[in-house]
Amino acid sequence: MTLSTLDLMIVFCYLLGLLLLAYQVSREKSGQAKGTNDYFLAGNSLPWWAIGASLIAANISAEQIIGMSGSGYAIGLAIASYEWMAAISLIIVGKYFLPVFLKRQIYTMPQFLQQRFDNRVRTTLALFWLAVYVLVNLTAVLWLGALAVNAVTGLALFESMLLLALLSLTYSLHGGLKAVAFTDIIQVVLLVAGGLFLSYITLQQIGAGAGVLAGLDRLMLQAPDKFDMILSPDHPHYVSLPGLSVLLGGLWVMNLSYWGFNQYIIQRALAAKDLAEAQKGIVFAAFLKILMPLIVVLPGIAAVLILPDLTKPDQAYPALMNLMPSGIKGLIFAALVAAILSSLASMTNSVATIFTMDIYRQLQPAKSQLHYVKTGRIAGVLALALALVTAKPLLGDFDQAFQYIQEFTGFFTPGIVALFLLGMFWPRTTANAALAAAIGSALLSLLAKQFWPELPFMDRVGLVFLSCVLLAVLVTLAEQKPAPQTAVQLSDIRFDTKPAFNLAAVAVSLVVASFYYAWW
């Protein structure tokens with residue numbers, strides 16, 4: 174089914190507004206050009222509302238909307254744990270991680286690792302993140318975004334990916350992080366409105382005119398297994414979400430890695446005016462995360478009744494869009510495109526930042542600011558081009574791409590979280606210990622997958638994390654070195670937060686706890 178004229182007008186107006194806003198916020202003052210701080214960190218000028226909106230817009234993309242809707246179709250509400258646990262993880266990041274990073278005045282996560290450890294750790298992790306962002310994240314957003322565009326418009330998959338890539342470059346390549354962050358405000362408003370519209374209409378349809386609550390009651394009555402929050406060991410998808418381990422195990426490692434040490438997420442907070450502004454943005458994002466299951470999971474569960482014969486779970490969201498009336502369909506499609514473009518722009522900017530500041534600048538240390546900005550732009554274009562040609566070969570055969578992404582990143586995140594936490598909060602941790610944790614994470618994960626295949630990947634993440642911490646501690650103790658001068662001086666970091674932040678943290682935690690209590 175193709176878009177109507179009204180739908181096309183809605184999408185066109187959205188794209189036009191996006192480009193006009195990007196142009197406006199990207200304009201330089203007369204006689205001034207963007208330096209590296211302006212391009213990669215928005216001149217440290219982002220206000221809290223832009224930070225919070227941009228965090229969510231960067232996070233919620235095709236792999237999140239389509240992938241989590243697909244997991245909602247296949248698994249049910251239990252997949253919402255990724256969202257609700259993320260809300261609490263954001264509070265932890267704002268309270269304990271941001272003060273350390275902002276005190277160091279860094280551009281990138283690898284730069285922090287060089288300050289704390291040495292250049293070997295910085296380069297190793299920089300190369301790892303570049304590979305993951307290009308070959309996992311960018312490819313996933315392009316591929317799943319193209320599936321949605323293809324399902325709604327009929328445009329071929331490669332042409333759909335190419336169109337999305339070009340649109341994201343149109344507004345982000347020149348303006349850098351500032352253009353990405355401020356346009357994300359439009360993206361997240363559209364994303365929330367479009368997602369809530371889709372959930373509302375699908376529940377109305379299930380309720381057969383009796384209202385949304387009647388639709389929800391019918392959905393819970395006819396598909397009760399889709400509302401299990403804690404899966405039992407005999408559940409067919411227990412391997413993906415292994416019971417209480419979701420609350421007590423590896424999901425914490427995954428979330429802390431994603432929200433605390435992931436360049437294309439944390440870069441927004443690094444670009445804040447100050448710590449207080451960054452923490453307010455983090456809290457804003459945490460509240461938005463609580464809403465996300467209504468937008469990305471509930472439609473997938475509703476599709477179990479509306480579209481029971483789908484061949485692949487990831488078809489749920491695009492297929493539901495095709496059932497929407499003209500106008501609403503255009504709004505929801507524009508929201509999906511907004512999410513895709515925002516994540517593409519965010520990832521591309523972060524690839525450019527890491528490549529330029531952590532790899533290229535070390536090889537060419539005496540170049541001008543303008544030269545580094547130009548290099549970053551070229552790196553962004555090349556990253557998208559590589560993702561374009563590798564997306565189908567890497568992701569074309571997966572039914573639930575979201576689960577694939579989580580499992581793949583789960584090979585490396587235990588070591589990353591271990592080396593960052595020890596690097597920040599145990600001054601004696603050495604560079605060799607950090608490298609041991611990073612390399613050990615991949616090796617131990619591969620061994621566990623090979624020789625203990627029945628172990629749920631989330632449990633594997635938790636066990637490998639503990640093993641990496643133990644390995645790093647043993648290496649550090651074996652070296653018998655005093656704490657290096659580069660160690661984080663916790664006595665110099667202010668971890669005390671304003672009362673409003675503490676109140677918001679309690680509120681977020683209580684809301685999440687109430688969800689689990691209600692659906693236990």
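One point on numbering: in the numbering used here, the residue at position 473 of the sequence shown is 646, and numbering is uninterrupted. All residues carry an ideal CB built from backbone N, CA and C; glycine is no exception. Keep in mind it's a predicted model, so treat the numbers as computed, not measured.
Cβ pair residue i, residue j closer than 8 Å
i: Leu-176; j: Phe-506; result: yes
i: Phe-668; j: Pro-220; result: no
i: Met-520; j: Asn-310; result: yes
i: Ile-261; j: Val-685; result: yes
i: Ile-379; j: Ala-445; result: no
i: Leu-250; j: Phe-460; result: no
i: Ala-611; j: Leu-298; result: yes
i: Leu-263; j: Ile-455; result: yes
i: Ile-359; j: Gly-190; result: yes
i: Gly-553; j: Leu-346; result: yes
i: Ala-313; j: Ser-515; result: no
i: Leu-193; j: Ile-438; result: no
i: Pro-706; j: Ala-247; result: Coverage of the chain is limited to positions 174 through 693, which leaves residue 706 absent and any answer about it impossible.
i: Ala-525; j: Gly-549; result: yes
i: Val-546; j: Tyr-212; result: yes
Expected contact under 8 Å - CB spacing of residue i and residue j to nearest Å
i: Pro-283; j: Arg-293; result: Not confirmed; about 11 Å, so no contact.
i: Pro-406; j: Gly-416; result: 7 Å
i: Ala-560; j: Val-307; result: 6 Å
i: Ile-279; j: Leu-443; result: 7 Å
i: Leu-414; j: Ser-254; result: 7 Å
i: Phe-434; j: Phe-593; result: 5 Å
i: Ala-564; j: Met-334; result: 6 Å
C-alpha gap between residue i and residue j, whole angstroms
i: Thr-775; j: Tyr-689; result: Residue 775 is absent from the structure shown; the chain starts at 174 and stops at 693.
i: Leu-683; j: Ala-691; result: 12 Å
i: Ile-513; j: Leu-340; result: 10 Å
i: Thr-484; j: Ala-329; result: 19 Å
i: Asn-675; j: Asn-428; result: 20 Å
i: Tyr-490; j: Gly-318; result: 11 Å
i: Val-266; j: Gly-348; result: 27 Å
i: Thr-134; j: Leu-364; result: Outside the displayed range of the chain (174 to 693) lies residue 134, so it cannot be described from this structure.
i: Leu-392; j: Leu-464; result: 19 Å
i: Pro-397; j: Gly-423; result: 26 Å
i: Leu-181; j: Ala-354; result: 25 Å
i: Asp-482; j: Ser-242; result: 15 Å
i: Leu-448; j: Trp-432; result: 16 Å
i: Pro-657; j: Pro-600; result: 7 Å
i: Arg-441; j: Val-385; result: 36 Å
i: Leu-639; j: Phe-274; result: 24 Å
i: Val-412; j: Trp-316; result: 25 Å
i: Leu-647; j: Ala-621; result: 21 Å
i: Met-631; j: Gly-613; result: 17 Å
i: Leu-188; j: Asn-605; result: 49 Å
i: Ser-467; j: Gln-377; result: Here residue 467 is Leu; the residue named in the question, Ser, does not match the sequence. If I take the Cα positions, the gap works out to 14 Å.
i: Lys-453; j: Lys-462; result: 14 Å
i: Thr-326; j: Gly-503; result: 11 Å
CB contact below 8 Å: residue i versus chain D
i: Ala-247; result: The structure shown contains no chain D, having only a single protein chain.
Residue range of the unbroken alpha helix (DSSP H) whose run includes residue i
i: Tyr-269; result: Looking at the DSSP string, Tyr-269 is not in any alpha helix (DSSP H), and its letter there is neither H nor E.
i: Ile-374; result: 349-379
i: Tyr-431; result: 423-434
i: Trp-316; result: 312-326
i: Val-642; result: 630-652
i: Asn-522; result: 501-527
i: Trp-257; result: 254-265
i: Met-465; result: 448-469
i: Asn-605; result: 604-624
i: Ile-589; result: 586-598
i: Lys-671; result: Lys-671 -> no alpha helix (DSSP H), and no H or E assigned at all.
i: Asp-180; result: 178-199
i: Val-385; result: 385-395
i: Glu-332; result: 330-345
i: Asn-210; result: 209-214
Given residue i as reference, the closest of the options once Cα atoms are compared
i: Leu-371; options: Ile-479, Leu-317 and Tyr-269; result: Ile-479
i: Ser-430; options: Met-258, Gln-623, Leu-616 and Gly-240; result: Met-258
i: Val-184; options: Leu-608, Leu-509 and Gly-216; result: Leu-509
i: Phe-290; options: Val-562, Val-679 and Ala-660; result: Ala-660
i: Gln-623; options: Leu-643, Ala-651, Asn-217 and Phe-584; result: Phe-584
i: Arg-200; options: Ser-541, Lys-351, Leu-616 and Gly-225; result: Lys-351
i: Leu-420; options: Gly-588, Met-597 and Ile-403; result: Ile-403
i: Thr-375; options: Val-681, Met-494 and Leu-194; result: Met-494
i: Phe-581; options: Tyr-545, Gln-537 and Pro-629; result: Pro-629
i: Gly-368; options: Ser-244, Gln-488, Ala-511 and Gln-662; result: Ala-511
i: Ile-666; options: Ala-651, Phe-598, Trp-425 and Tyr-533; result: Phe-598
i: Leu-451; options: Asp-211, Gly-216, Lys-654 and Trp-222; result: First, the residue type needs correcting, since residue 451 is Ala and not Leu in the sequence shown. Cα-wise, what sits closest to Ala-451 is Trp-222.
i: Ala-673; options: Gln-662, Phe-457 and Arg-633; result: Phe-457
i: Trp-425; options: Thr-586, Gly-216, Cys-641 and Gly-208; result: Thr-586
i: Lys-671; options: Lys-268, Gly-208 and Gly-388; result: Lys-268
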